[in-house]
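So the protein lines, in turn, are chains Y and W. Under our numbering, the first residue of the first sequence carries the number 1227, and numbering increases by one thereafter. Under our numbering, the first residue of the second sequence carries the number 531, and numbering increases by one thereafter.
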Amino acid sequence: MKSEPQSPPIVLSVTDLRIEAKANDGWIEIVKGVNLTLRRGEVLGLVGESGAGKSTIGLAALGYFRPGCRRTRGSVRFGETDVLGLTEAKRRTLRGTQVAYVAQSAAASFNPAKRLMDQIVEAAVTRGGMQRAVAEQRAVALFRSLQLPNPEIFGKRYPHQVSGGQLQRAMTAMAMICQPDLIVFDEPTTALDVTTQVEVLVSIRRAIKEHGAAVLYISHDLAIVAQMADRVMVLRYGEAVEEAPIRQIMEAPSHPYTKSLWAVRSLQTPAKPELEPLLEVEGISAAYGRFKALEDIDFSIGKRQTLAVVGESGSGKSTLGRLIAGLMPPVKGTVKLDGKSLPTLVRQRDKDMLRRIQIIYQSADTALNPRHTIRKILGRPLTFFQSLRGAAREQRVIELLKMVELDPGYAGRYPAQLSGGQRQRVAIARALAANPDLIICDEITSALDQLVQAGILQMLADLQQRLGVSYLFITHDLEIVRAIADRVIVMSQGRIVDQGSRAEVLSPPYPDYTKLLLDSVPEMAPDWLDRLLTKRSSAVN
Amino acid sequence: MVSNSHPILGMILQRLALGLLSLLIVSIVIFTAVSMLPGDFASAVLGRSATPETVAAFQQNLGLDQPWPRRYFQWLAGALIGDFGNSFSNRPVSAVIGSRLFNTLKLAALTAMIAVPIAVFLGTICARYRNKPIDRFLSAITLASISLPEFFIAYVLMLFLATKLHIFPTLSSIRGSMDMLEQLHRMALPVLTLMFVTLAHMMRNTRAALIGIMSHPYIEMARLKGEPEMRIILRHALPNAIGPIASVIAINLAYLIAGVVVVEVVFVYPGIGQTMVDAVRNRDVPVVQACALIFAANYIILNLVADLVSIVSNPRLLHPR
C-alpha cells in the first residue's frame, strides 16, 4: 500500500474480531482475532479454503451473524460507526443502502416469486429514499454498464428466466443501486462455468472501477482474486496467514500455506504409453425426453489409462458416465468392454461386468450411507463380488483403507465422523473393493479444497500404477486435466468437439471451443484478465 | 399438447382430465359398493307385506331387476344432470338432499370465512415470532384442540356458552323460514366447534410452510438488504408458501363439507351428514349413493382448485423461460 499524503478515508476497519459457532458440544471459535482495514476505492481479496471463515468475516462487515454464530470479541467499524454497538434496527438501516452484499449463488439468493426489478430496487425505494421511477432508471443504467442483454426490459423477468451469469450480474446491480460505500462480494462467480465466469468478472470489475466503493472480495480461488483485488489476505482456520499486495503474494508468498493454494497446478503425472483399448464407445446417442443429451459419441479408453472428459455444465459429460455405468440406456450405439458389447442397463449385466466398471460420485456425503460404518460400506461389495466373509473380509477392508491412505482404525467410524476428503477416499476404496478395471470418476474432487484435491489426484495416479486400473475422469476443471489425463475429450452440447492425447488437446492449434475453454481458465497472474481482454478485442477488430 | 400454447394451459387441462377420471372411478366404486351391501332392499322396505310377487313388482318398479352395467349408466347419466332418481321413500333424491346440502354449505362457508383468515394470520405471526412466547402459546393451544375429539369440544362449548351462560341455543335446527340473524345465532356453536378443529390444523401448516421457506438463501439475502422481518415474511416468504397453504385449506374445506357428521348430530343441525346417516339406517340406497358421490366430488374439486392455485402461484410455470 502506498501511503500517499492524502490517503482515502477508511471505510471499514475490523479489529481483533473473534466469532464462535455452535457445535454439538459447546462453541468453537471460527474467526480468531482478524484485523483488516479497507479504504475508499480499494479492493481487498479474502482468500482461503472452505471453513477458513471468509464468509463469516464478510457477513460480519454488515454486522450480520448467521444463526448459531456469535461474536465474542473485537469491533467492526464502518466509517465512524461502531456497527456491532448499534441496535439491530439501526444496523438494518445501513444494510442495502450503505453496505451491500453479493451472494455466491444468485440462483438461490433471488426470490423465485418476484420480478428482478422489484427485488433490485426494493432497498432503494423502501429505505434509500429514492422514487420508484428514479430507482428503476438507475437499475437500467446499471444493467447497461454490467452488459446485461436488453437492459430496458431485463428487470421485468423472473429469476428463472435468465441465465446464472446474468443473475449474478443482476445481483451486483442490486448491491450497487444505492451507491453503497462498501460492497462484499462472496464468491460471486464460483457457481458459474469458466466461460461465463470471465464475462461476469469483467462486468463486476468494470462496475467496481466506475463506482469507486470499497470492496471486500471473497474467493477460494487466488487466480480470480488476483484479477480483482489490490491487496490479498490469506485466511486459514479463521486466522490471517498472510496479507500483502497481490503481486507480492503471487511472486513471493511468505507463508507455505499460501503456496499450497495452487497445489493442483504443480501436480503433473508422467504420460503413459498407449495400450490396447479396454472400453470402446461407438456411436452413442442419448436423450432425456425430447432433449438430446448426447449425439454420436465415439471414443475408447486404453488399459491403465486416464481419459479426462471436460466440458461445461450441461455438456453431457455426466450423462456419458451414467450411460457407461448402465444407469441410463442409450438411444443408439454400443459400449464394448474388452471387445465384447455390454448390455445397456445394469440389471441386464452379469456380476462380472458389474464388478469391472465402478463409479464414484462428486459428493461422498450423499453417496455413502450415513448409517453404515466404514467397515460395512467397504465390506458389502467384498461379500457381493468376492464372497469374502469374516476375518478375510476384515483383512481386505484394512488393506483397502491403507490403499487410500486412511488409518485402519477408521473402519469402525461413520461417514459423518470423517472430513470431506476422507469421505471421498472411502468412496474410492469402495470402488476399489470390487477390483474393477474401469472407474468412472464424476467430478470427484470438485467439492474439495486444493490441497486435498492434489492429495487425492496423486493417490489415484499411484493406485493406477499399482493396480493397472483405468479412469474415466469427468471434470470441468482444466487444471485437473493438465495434472492427470493421458487422453482428453472436450464436450460441448452433447457432442465431442475435440479429442486426443493431453499434449495434443492442450497445445495449439486449438478448435474454437477448446480455445475458449482454455482461455477462460484464470491464470495465476494478476494481469491475466487484462491480457485476455486485449487479445479478444484485437481478435474482433 | 399444442407446443405453441401456454404450457400452463396444458397442465390445467391435464389436472381437469385427471379430476374427471378420478370422479368416474369413484362413481363406479360407490355404485358397486353400495349395491353389494348385505340385505334385500325390497324386503326391508316392504316389511311384512313382502311376498315374492310384491318384491318382484317392487324391484321392477325401481329397476333393480336390470343388469348391473345398465343400472350404473342410467344412474350416472342422471347424476350428470343432477337427477339422482327417486329415494325409496318415493321422493326425488334431489329434494331429499337439496336443502340439507345447502345447509351444510352454509355452515362450511361461514366457518371458512372466519377460520381461514385467522389461521393464515396467526400462522404468520407464529412464523414471525418463532419459538417466542406467543408462538409457543398458540402452538400449545392448537395442539390441544387438534388432539381433542370434536364432539368433546362441542359438548364443552355447549356446557359453557349454552347451558351456563345462555348465550347460544344448544340446538341448531334451522329452517329456511327463519330470518338471517336467527339462523346465525343458532349456527354459532357448530361454527365455533368447527373453527377450533380446522383453524388449528391450517394455522400449524401455515406456520410450517413459512418456516420452511424462511431457511432459503433468498430470505437471508433479504435480511442482508436490510429488510425488516415482518416485511420479509409478508413480501418474500408468503408468496412462495401459497401452494402448501392452499392445499391445507382445501383439505379443511373438504372436511367442513363431508366430515361434519358428528358435529351435526351433536347440535341436531339439519345438514347432509345427518341425511346420509339416516339414509344408511333406512337402506335408502339412492340417497346414500348421491351423498357419497357429492362427498367424493367435493374432495376432488377442492383439491383440484388447490392444485390449480399452486400452479398459478408458481412463476416458473406461469412465466416460462
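Glycine included, C-beta positions come from ideal geometry on N, C-alpha and C.
Return the CA-CA distance between W/G549 and W/G803, expressed in angstroms with no decimal places.
Against the second sequence, residue 549 of chain W aligns to sequence position 19. Against the second sequence, residue 803 of chain W aligns to sequence position 273. Cα to Cα, the separation comes out at about 23 Å.
At 3 residues or longer, what runs of the beta strand (DSSP E) sit wholly inside the region 1444-1476 of chain Y?
With a minimum length of 3 residues, the continuous beta strand (DSSP E) runs that stay inside the region 1444-1476 of chain Y are 1457-1462, 1465-1471.
Taking the beta carbon of Y/R1729 as the centre, do at least 16 other beta carbons fall within 10 Å, making it buried, or is it exposed?
In the first sequence, the residue the question calls residue 1729 of chain Y occupies position 503. Checking the displayed sequence, the identity of residue 1729 of chain Y turns out to be Ala instead of Arg. It is exposed - the Cβ of Y/A1729 has fewer than 16 other Cβ atoms within 10 Å.
Report all residues from its chain with a CB closer than 7 Å to the CB of W/L838; omit the five preceding and five following residues, and keep chain order.
Within the second sequence, the letter at position 308 stands for residue 838 of chain W. Once the five neighbours on either side are set aside, the close Cβ partners of W/L838 are I542, R545.
Please name the residues in the region 1327-1339 of chain Y whose beta-carbon is closer than 8 Å to at least one beta-carbon of chain W, in chain order.
Listed in sequence order: Y1327, A1329, S1331, A1334, S1335, F1336, N1337, P1338, A1339.
Look up Y/D1308 in the DSSP assignment and give the residues it is bridged to.
Along the first sequence, one-based indexing puts residue 1308 of chain Y at 82. In the DSSP output, where bridge partners are listed per residue, Y/D1308 has Y/R1303.
Within the continuous alpha helix (DSSP H) that includes W/V564, where are the two ends?
Taking the first residue of the second sequence as position 1, residue 564 of chain W is located at position 34. Note, W/V564: alpha helix (DSSP H), 537-565.
Going along chain W, which residues have a C-beta under 9 Å from Y/A1349?
If you number the first sequence from 1, residue 1349 of chain Y lands on position 123. Here the neighbours are K755, G756, E757.
Are the C-beta atoms of Y/G1390 and some chain W residue less than 7 Å apart?
Sequence index remark: in the first sequence, residue 1390 of chain Y carries index 164 (1-based). Output row for Y/G1390: interface = no.
Is the Cβ-Cβ distance between W/Y507 and W/A776 less than 7 Å?
Past the edges of chain W, shown from 531 to 851, lies residue 507 of chain W, and the structure says nothing about it.
For the region 1363-1395 of chain Y, which residues have a CB atom closer than 7 Å to at least one CB atom of chain W, in sequence order?
For the region 1363-1395 of chain Y, which is checked against every Cβ of chain W, the residues closer than 7 Å are Y1384, H1386, Q1387.
Determine the contact status of Y/Q1584 and Y/A1655, defining contact as a CB-CB distance below 7 Å.
Translated into the one-based positions of the first sequence, residue 1584 of chain Y becomes position 358. Translated into the one-based positions of the first sequence, residue 1655 of chain Y becomes position 429. Against a cut-off of 7 Å, the Cβ pair of Y/A1655 and Y/Q1584 comes out as no contact.
What residues from chain Y crowd round W/Y602, counting only those whose CB sits closer than 8 Å?
Counting from one through the second sequence, the residue named residue 602 of chain W turns up at place 72. By Cβ distance, chain Y contributes nothing, its closest Cβ being about 39 Å from W/Y602, past 8 Å.
Comparing C-alpha positions only, which one of Y/A1680, Y/I1550, Y/R1292 sits nearest to Y/S1492?
Counted from its first residue, the first sequence places residue 1492 of chain Y at position 266. Among Y/A1680, Y/I1550, Y/R1292, the Cα nearest to that of Y/S1492 belongs to Y/A1680.
Among Y/D1753, Y/V1652, Y/D1407, whose alpha-carbon lies nearest the alpha-carbon of Y/A1439?
Taking the first residue of the first sequence as position 1, residue 1439 of chain Y is located at position 213. Answer by Cα proximity: Y/D1407.
Taking 8 Å as the cut-off, does the region 1589-1602 of chain Y touch the region 1526-1543 of chain Y (at least 3 CB pairs, one atom from each stretch)?
No, the region 1526-1543 of chain Y is not in contact with the region 1589-1602 of chain Y.
So, at 6 Å on beta carbons, what are the nonlocal neighbours of W/G653 in its own chain, with the 5 sequence-adjacent residues on each side left out?
Taking the second sequence and counting its residues from 1, one reaches residue 653 of chain W at position 123. Within the same chain, W/G653 has close Cβ partners M733, T736, R737.
Quick check on W/R737 - is its C-beta less than 7 Å from some C-beta in chain Y?
For this step, residue 737 of chain W is matched to residue 207 along the second sequence. No, W/R737 does not count as interfacial toward chain Y.
Check for me: the beta strand (DSSP E) holding Y/A1326 runs from which residue to which?
The residue labelled residue 1326 of chain Y in the question sits at position 100 within the first sequence. Per DSSP, Y/A1326 belongs to the beta strand (DSSP E) from 1325-1328.
Should the region 1732-1751 of chain Y be called in touch with the region 1564-1574 of chain Y, which here means at least 3 C-beta pairs below 8 Å?
No, because fewer than three Cβ pairs between the region 1732-1751 of chain Y and the region 1564-1574 of chain Y fall closer than 8 Å, the two stretches do not touch.
State the DSSP-derived secondary structure class of Y/I1523, mapped to helix, strand or coil.
The residue you call residue 1523 of chain Y lines up with position 297 of the first sequence. Correct three-state label for Y/I1523: strand.
How far does the alpha helix (DSSP H) with Y/L1238 in it extend, from its first residue to its last?
The residue given as residue 1238 of chain Y occupies position 12 in the first sequence. Careful: Y/L1238 lies outside any alpha helix (DSSP H), inside the beta strand (DSSP E) at 1236-1249.
Measure how close the beta-carbons of Y/G1300 and Y/L1243 come, nearest whole angstrom, since I'm counting them as under 8 Å.
For the purposes of this step, residue 1300 of chain Y is identified with residue 74 of the first sequence, where counting begins at 1. For the purposes of this step, residue 1243 of chain Y is identified with residue 17 of the first sequence, where counting begins at 1. Confirmed, about 4 Å.
Assign Y/T1701 to one of three DSSP states: helix, strand, or coil.
If you number the first sequence from 1, residue 1701 of chain Y lands on position 475. DSSP places Y/T1701 in strand when its eight states are reduced to three.
At a cut of 8 Å, does the region 1470-1478 of chain Y reach the region 1494-1511 of chain Y through at least three beta carbon pairs?
Because the criterion of three Cβ pairs below 8 Å is not met, the region 1470-1478 of chain Y and the region 1494-1511 of chain Y do not touch.
Taking only beta-carbon atoms, is Y/L1442 less than 7 Å away from chain W?
Locating residue 1442 of chain Y in the first sequence gives position 216, where the first residue counts as 1. Answer no: the Cβ-Cβ gap between Y/L1442 and chain W never drops below 7 Å.
If you compare alpha carbons, which of W/M566, W/I644, W/F618, W/S565 is closest to W/F588?
As a first step, residue 588 of chain W is located in the second sequence; it is residue number 58 there, counting from the start. The shortest Cα separation from W/F588 among W/M566, W/I644, W/F618, W/S565 belongs to W/F618.
At the 7 Å Cβ level, is W/A836 part of the contact set with chain Y, yes or no?
Here residue 836 of chain W corresponds to residue number 306 of the second sequence, with the count starting at 1. It does not: the Cβ of W/A836 has no partner Cβ on chain Y nearer than 7 Å.
What does Y/L1320 reach in chain W if we use C-beta pairs closer than 8 Å?
The sequence position of residue 1320 of chain Y within the first sequence is 94, counting from 1. What Y/L1320 touches in chain W: G756.
Examine the Cβ distances between the region 626-638 of chain W and the region 792-810 of chain W and report whether three or more of them are shorter than 8 Å.
These segments touch.
To the nearest angstrom, how far is the alpha carbon of Y/L1686 from that of Y/Q1453?
Mapped onto the first sequence, residue 1686 of chain Y falls at position 460. Mapped onto the first sequence, residue 1453 of chain Y falls at position 227. For Y/L1686 and Y/Q1453, the distance between alpha carbons rounds to 32 Å.
Based on the DSSP secondary-structure assignment, which residues constitute the bridge partners of Y/R1190?
Since the first and last residues shown for chain Y are 1227 and 1767, residue 1190 of chain Y lies out of range.
To which residues of the same chain is W/M708 closer than 8 Å at the C-beta, ignoring the five residues directly before and after it?
As a position in the second sequence, residue 708 of chain W is number 178, starting the count at 1. Same-chain partners within the cutoff: R716.
Mapping the DSSP letters down to three states, classify Y/L1568 as helix, strand or coil.
Position 342 of the first sequence, counted from the first residue, corresponds to residue 1568 of chain Y. Y/L1568 falls in the coil class under three-state DSSP.
Just to confirm, are Y/A1326 and Y/A1401 a CB contact at a threshold of 7 Å?
Within the first sequence, residue 1326 of chain Y is the residue found at index 100, counting from 1. Within the first sequence, residue 1401 of chain Y is the residue found at index 175, counting from 1. Yes.
DSSP puts Y/A1513 in a beta bridge; with which residues?
On the first sequence, residue 1513 of chain Y is found 287 positions in, with the first residue counted as 1. Paired residues: Y/K1518.
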